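Note sheet for the following structure.
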Amino acid sequence: MNIPLSKPDITQKEIDSVTEVLKSGILSIGPKVSEFEKKIEEYIGVGNAIAVNSGTSGLHLLVKAHRIKAGDEVITTPFSFVASANCILFEGAKPVFADICPDTFNINTALIEDKITENTKAILAVDVFGNPVDIQGLRKIAEKYRLLLLEDSCEALGSEYNGIKCGSGSDGAVFAFYPNKQITTGEGGMIVTDNDEIAGLCRSYRSQGRAVTGLWLEHERLGYNYRLSELNAALGSAQMDRLDEIIEKRSRAAQIYNERLSAEREITVQHIPPEVTGISRFVYVIRLDSSIDRNKVMRHLINNGVACKPYFTPLHLQPYFKKMFGYREGDFPVTEKVAASTVALPFFNDITDEQIDYVVSVLKEGIAAGR
């Protein structure tokens, strides 16, 4: 077999929706963007959703709209995709890392207070792989120290913690819709917030700083072209109508993996705490025991047609972070230990039992070879 790491789930509904836009002649700044935004607002339960062309763009605008600037510090996780730290750097502020929990892979809430200084402006939490952070615990810390609480929910559309949907318990959050996400727009993202002023700034910033109710070429501020096209929005809107179905498919696939791997002592899976009342998985990631040579396992998987990737490389060990801030190995030991042992396995909506069985069989062979 040849099994990809991910694959978008596109039906005739999505094709028809995009075709409708092509026939309409309105390819940008049209009704489909507004329709998509409205569906996200209603699903998350927030007052504003602002569509942008990527999750990275959304995170940038969220940071910028909250006036985070040079001299400010933002506490975040070193175990994430680079966008969650880059968005802080874009505005000249400094990401300050706090290590993670070894089982959930999320930021360790107990370590945050020691990182707070007079320059700390915000906490930027990440719902890693769709596993929600302890948003209530983070909110208590943010309120105690009068900090902003921002949320990178790019991997967590549909997840919830104690009944609080990801994206709804913070001062602002972002979702992303790359083809390997729960729903896709090809490329795209969505900012969500209950703050009307922040929403207005984000709408202006995404469209070259235009006045929201002003003239076409009237620009109130320095902005960017971060708009989402009508084609992308049409795809996303159609996918939103299927979100419950999509989450169920992914949950089923994860459950099959869990069952097939439950007896493997050299494999652990991401812990989902009991407070997580809804899980919408982005990827399926396992951890290998430290006695196993991960590179040998991955080579065996790839050589037998099974796509796989290490998730994630620690941010503080990325070359430019080491150069900018002097980070080195050992600075965040839990993150480093987790990152050195994780493997993302093929995971997508319509993965079959037969495909999962093949992945597990090849994985077991690889582990035996990697001992």
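Numbering that gives the first Met the number 0 puts the sequence shown at residues 0 to 370.
For glycine and all other residues, C-beta sits at the position ideal for the given N, C-alpha and C.
None of these values were measured; they are calculated from a predicted model.
Neighbour-count burial assignment, residue i, 16 or more Cβ in a 10 Å radius
i    : result
S43  : Residue 43 is actually Ile in this sequence, not Ser. Under this definition I43 is a buried residue.
A262 : exposed
P332 : exposed
Y256 : buried
Y144 : exposed
Y319 : exposed
T334 : buried
S360 : exposed
S377 : Outside the modelled stretch of the chain, which goes from 0 to 370, sits residue 377, for which no answer is possible.
M189 : buried
N118 : exposed
A109 : exposed
I14  : exposed
G325 : exposed
K12  : exposed
T75  : buried
I366 : buried
S23  : exposed
V211 : exposed
Residue i (DSSP reduced to helix, strand or coil)
i    : result
E72  : strand
Y144 : helix
T150 : The sequence given here places Glu at residue 150; Thr does not occur at that position. In the structure shown, E150 sits in a strand (DSSP, three-state: E or B).
E41  : helix
A339 : coil
R327 : coil
E94  : Here residue 94 is Pro; the residue named in the question, Glu, does not match the sequence. If DSSP states are grouped into helix, strand and coil, P94 belongs with the strands.
V132 : coil
I122 : strand
A155 : coil
L221 : coil
G369 : helix
R205 : helix
R174 : Looking at the sequence shown, residue 174 is not Arg but Phe. It is a strand residue.
L4   : coil
L227 : coil
L344 : strand
R249 : helix
G166 : coil
N85  : helix
T108 : helix
N47  : strand
T276 : strand
Y319 : helix
Y283 : strand
I190 : strand
T10  : coil
I197 : helix
I182 : coil
V211 : coil
I255 : helix
Under 9 Å between C-beta atoms of residue i and residue j
i    : j    : result
F347 : A198 : no
A97  : N85  : no
K114 : V95  : yes
K308 : V268 : no
P131 : E90  : no
G277 : N231 : no
Q181 : I163 : no
S203 : R249 : no
T103 : P272 : yes
I87  : E229 : no
V284 : P101 : no
I291 : E258 : no
S53  : Y223 : no
K120 : L146 : yes
F311 : S79  : yes
V81  : N179 : no
G369 : L260 : no
A48  : D71  : no
K322 : L200 : no
CB-CB length for residue i against residue j, believed under 8 Å
i    : j    : result
I2   : V305 : 5 Å
T183 : P345 : That pair is no contact at about 17 Å.
D193 : G46  : 5 Å
V17  : L234 : 6 Å
Y225 : S56  : 4 Å
L362 : L300 : 7 Å
K31  : S236 : 6 Å
A175 : C165 : Not quite, the Cβ-Cβ distance comes to about 12 Å (not below 8 Å), so this is no contact.
A50  : G187 : 7 Å
D195 : L58  : Contact doesn't hold; Cβ gap of about 20 Å is too wide.
S340 : R298 : Not a contact, Cβ separation roughly 16 Å.
L221 : L149 : That belief does not hold up - the Cβ atoms of L221 and L149 are roughly 21 Å apart, past 8 Å.
Practice prompt. Would you check if there are 3 or more beta carbon pairs closer than 8 Å linking the stretch 25-41 to the stretch 228-248?
Written response: Remark: three or more beta-carbon pairs, one from each stretch, lie closer than 8 Å, so the stretch 25-41 and the stretch 228-248 are flagged as touching.
Worksheet item: Okay, do the stretch 114-124 and the stretch 347-358 touch, 3+ Cβ pairs below 8 Å being the bar?
Response: Because the criterion of three Cβ pairs below 8 Å is not met, the stretch 114-124 and the stretch 347-358 do not touch.
Item to complete: Tell me, please, whether the stretch 116-128 touches the stretch 142-156 by the rule of three or more beta-carbon pairs shorter than 8 Å.
Response: Judged by Cβ distances under 8 Å, the stretch 116-128 makes contact with the stretch 142-156, as three or more pairs qualify.
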